[in-house]
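Right, one structure below, let's go through it.
Numbering (our numbering), first residue to last: 3 to 224.
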């Protein structure tokens with residue numbers, strides 16, 4: 003049985019936000035709702051300063067803190083271990099205990115059909131916003147509809163610097179599983195013991211692996 007996940011290399015991320023745009027376009031999330039956030043960090047002193055951007059999204063934990071506190075069993079696991087939320091079963095109206103239980107702060111609440119344009123919804127919004135239940139909690143599901151169809155998540159496909167790698171953690175010979183088994187890719191928070199499926203490349207750890215080698219950008223220098 004597959005267990006899908008990601009490896010993210012912050013040293014390759016250029017902060018272009020293409021992943022966020024691709025996610026919003028693919029999943030038709032509402033204004034103010036983003037299933038990915040970018041954390042920025044600056045290091046060094048002028049003139050030797052570096053800046054890194056780290057995409058943070060649902061970690062697809064095997065030990066799900068959110069699921070453990072959900073009173074309506076709205077949080078389940080789908081194919082490949084992907085964590086799913088059923089909006090029809092999520093009836094806490096934006097006040098669910100899952101919001102504070104998630105240690106990564108990636109759960110979002112759909113506050114209603116606020117249009118991008120002041121006075122109306124576009125035809126695209128009218129069609130796709132129907133799946134977003136007001137008051138329901140939402141999050142990244144690795145573009146589940148794409149994954150089960152044999153495609154990559156939209157963020158992975160859209161990343162111009164190839165900072166995100168999608169794969170099967172149970173495929174031992176695969177690039178993702180190899181990075182994790184060699185200790186080159188690690189959880190964002192190892193102390194949480196939530197057994198996530200999203201990992202991050204240590205600075206310099208991807209070098210020589212052949213996976214993230216393409217002469218792609220390193221952190222910006224000012």
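The C-beta atom is built at its ideal place from N, Cα and C for all residues, glycine as well.
Keeping to the same chain, check which residues put their C-beta closer than 6 Å to that of residue i; ignore five residues upstream and five downstream.
i           : result
residue 55  : 15, 17, 40 and 42
residue 64  : 197
residue 86  : 78, 80 and 143
residue 3   : none
residue 91  : 74 and 76
residue 89  : 135 and 138
residue 192 : none
With a threshold of 7 Å on Cβ separation, who are the neighbours of residue i within its own chain once the five nearest residues in sequence on each side are excluded?
i           : result
residue 109 : 68, 100, 101, 139 and 141
residue 204 : 186 and 188
residue 171 : 5, 7, 178, 179, 182 and 199
residue 211 : Here residue 211 scores only 49 on pLDDT, less than 50, and its place in the model is too uncertain to base an answer on.
residue 194 : 105
residue 19  : 40
Between residue i and residue j, is the Cβ-Cβ spacing less than 8 Å?
i           : j           : result
residue 21  : residue 104 : no
residue 62  : residue 96  : no
residue 161 : residue 28  : no
residue 180 : residue 168 : no
residue 124 : residue 93  : no
residue 129 : residue 114 : no
residue 58  : residue 112 : no
residue 72  : residue 107 : no
Could you give the first and the last residue of the continuous beta strand (DSSP E) run that contains residue i?
i           : result
residue 43  : 39–47
residue 85  : 85–87
residue 52  : 50–58
residue 6   : 6–10
residue 200 : 200–203
residue 168 : 166–170
Label residue i either buried or exposed according to how many other C-beta atoms from any shown protein chain fall within 10 Å of its C-beta, with 16 as the threshold for buried.
i           : result
residue 217 : Summary for residue 217: the model assigns pLDDT 38, below 50, so the residue's position carries little reliability; its value from the coordinates is reported in the next sentence. By the neighbour-count rule (16 or more Cβ atoms within 10 Å), residue 217 is not buried but exposed.
residue 126 : exposed
residue 175 : exposed
residue 221 : In this prediction, residue 221 has a pLDDT of 41, which is less than 50 and means its spatial position is unreliable; what the coordinates show is noted afterwards. Buried is the call here.
residue 149 : buried
residue 76  : buried
residue 66  : buried
residue 165 : buried
residue 121 : exposed
Go to residue i, then tell me how far its alpha helix (DSSP H) extends in each direction, as first and last residue.
i           : result
residue 130 : 125–130
residue 2   : No information on residue 2 is available, as it lies outside the stretch 3 to 224 that the chain covers here.
residue 79  : Counting along the chain, residue 79 falls outside any alpha helix (DSSP H), though it belongs to the beta strand (DSSP E) covering 77–79.
residue 101 : 100–103
residue 2   : No information on residue 2 is available, as it lies outside the stretch 3 to 224 that the chain covers here.
residue 106 : It is not in any alpha helix (DSSP H) - residue 106 carries neither H nor E in the DSSP assignment.
residue 26  : 20–29
residue 70  : 67–71
residue 35  : No alpha helix (DSSP H) holds residue 35; DSSP gives it neither H nor E.
residue 146 : 146–149
Leaving aside the five residues before and after residue i along the sequence, list all residues of the same chain whose C-beta is less than 8 Å from its C-beta, in chain order.
i           : result
residue 202 : 9, 10, 11, 12, 56, 187, 188, 189 and 190
residue 45  : 51, 52, 53 and 54
residue 23  : 160
residue 131 : 30, 32, 115 and 123
residue 38  : 21, 22, 25, 57, 58, 59, 142 and 157
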